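Take any residue in the sequence shown, note its place counting from 1, add 1, and you have its number in this note's numbering. Backbone N, C-alpha and C define an ideal beta-carbon position, used for all residues, glycine too. Keep in mind it's a predicted model, so treat the numbers as computed, not measured. Have a look at the structure below, then the notes.
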Amino acid sequence: MSKPKTNTLYEKSIELRQRFDEEIRNFSDGLWNYCRYLTGSPWDGEDLYQETMLKALGGLYTRWHPVNLKSYLYRTATNAWIDYCRREKRNLGVLVEAEEPTEEFVDTHNIEEALEKLYELFTPRQTAVFLLMEVFQFKAEEVANIVKTTPGAVYAATNRMKKKLKKIEFETHKPQSKDSPQKSKIIQAYLNAFNRGDLEGMLSLISDYPHYEASLGFVEVNKEEMRNGSLMYGLPGHRAIECMLWGKAVIVVLADSDQGPLIHDIQYQEVENNKIVYHRSFFFRKEFILAASKELGYAAQLNKPPLNWVDK
């Protein structure tokens with residue numbers, strides 16, 4: 002029996018992924034923000050966004066009829082989050098139809114602060130309804146279909162939520178932080194090797210069988226794959242610094258430019274037994290890096306081969 006030719010499947014999957022990315026590029030930023038506010042965290046939102054992309058692309062073959070991609074993606078994200086909350090035994094909430102006076106969601110306070118509080122104040126289904134209806138401008142019938150309720154319940158839920166939000170005091174701004182966290186000796190050694198351009202020194206700090214991932218880009222699971230794959234041309238020659246991003250210690254890779262330093266990549270690593278066993282890069286994650294650039298106060302590098310995010 003001949004072995005399956007995985008290379009052919011790989012090439013076809015890459016072609017399909019590229020076409021898929023092109024089709025959704027006009028609403029991918031909105032979808033990322035939806036995932037962020039739905040989960041109450043940029044980090045959890047990023048994970049949900051990635052899960053949504055993989056599930057949506059993998060599930061297209063089950064749709065026998067033409068698909069509205071935007072609704073399909075928001076439905077996939079909502080279902081994935083509801084499923085997660087159900088597994089965690091979180092109260093999903095019941096959406097009840099009732100006569101509620103119409104409320105306006107006015108910007109008497111910082112809107113982003115209000116949106117980031119939805120996770121704490123409301124159930125997962127309520128949060129989904131509010132975001133879809135009030136922020137991303139879906140019709141009540143579309144929202145009802147996505148969260149599996151009725152249009153009347155959608156209207157009632159959003160009005161009750163707006164009434165509650167009006168009574169809450171929010172901060173008017175959040176301080177941005179570039180403070181460097183205290184890193185382990187291994188991570189500090191990794192950072193020093195990276196900044197020296199010392200590829201072998203960096204590799205010596207990594208386990209022989211790490212999980213070396215660039216999210217939604219590639220995964221490598223041993224040093225041979227790394228040497229012959231993502232690191233075959235060596236290190237990029239950029240400067241890396243330590244920062245706190247949304248409460249997590251990360252390494253930010255900066256590329257010099259005429260406009261000043263630009264965010265080339267964001268990474269974090271996990272260490273066990275004095276070796277890096279997990280490395281995650283967000284090099285390919287446009288929506289994540291653009292949001293992080295606002296938080297950190299550095300502009301993002303939009304043209305970095307093989308990626309060009311200019312005017313996209």
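Residue pairing for Ala292: DSSP places it in no beta bridge. Per the Cβ contact rule, the stretch 200 to 220 is in contact with the stretch 284 to 299 (3 or more Cβ pairs under 8 Å). For Glu243, the secondary structure class from DSSP, reduced to helix, strand or coil, is strand. In the three-state reduction of the DSSP assignment, Asn34 falls in the helix class. Rounded to whole angstroms, the Cβ separation of Thr124 and Gly94 is 3 Å, and the two are in contact under 8 Å. Residue state for Val130 is assigned as helix, using DSSP reduced to three classes.
Closest in alpha carbon position to Leu133, among Gly31, Pro67, Ala250, Leu204, is Gly31. In this structure, the CA atom of Ile207 is about 18 Å from the CA atom of Val253. In the three-state scheme derived from DSSP, where H, G and I count as helix and E and B as strand, Glu271 is classed as strand. Boundaries of the alpha helix (DSSP H) harbouring Tyr75: 70 to 88, taken from the DSSP string. Looking at the DSSP output, Tyr279 shares a beta bridge with His212, Glu271. Residue pairing for Lys305: DSSP places it in a beta bridge opposite Leu308. Under a 10 Å Cβ-count criterion, Leu39 is classified as buried, with 16 or more other Cβ atoms of the shown protein chains found around its own Cβ. In this chain, the alpha helix (DSSP H) harbouring Val144 covers 141 to 148.
Linking Gly46 to Tyr62 through their CA atoms gives a straight-line distance of about 25 Å. Straight through space, the alpha carbons of Leu55 and His239 are spaced by roughly 31 Å. When secondary structure is reduced to three states using DSSP, Phe219 falls in the strand class.
The C-beta distance from Gln127 to Ala158 rounds to 6 Å, short enough to meet the 8 Å contact threshold. Beta-bridge pairing by DSSP links Ile264 to Leu255, Ala301.
Looking at Lys295, Val272, Leu255, Arg87, the one whose alpha-carbon comes closest to that of Trp247 is Lys295. Around the beta carbon of Asp266, 16 or more other beta carbons sit within 10 angstroms, so the residue counts as buried.
The beta-bridge partner set that DSSP reports for Lys249 consists of Leu246. Val272 has its alpha-carbon roughly 11 Å from the corresponding atom of Tyr191. Measuring C-alpha to C-alpha distances from Arg161 to each of Asp48, Glu24, Leu96, Trp44 identifies Leu96 as the nearest. In the three-state DSSP reduction, Ile207 falls in the strand class (E or B).
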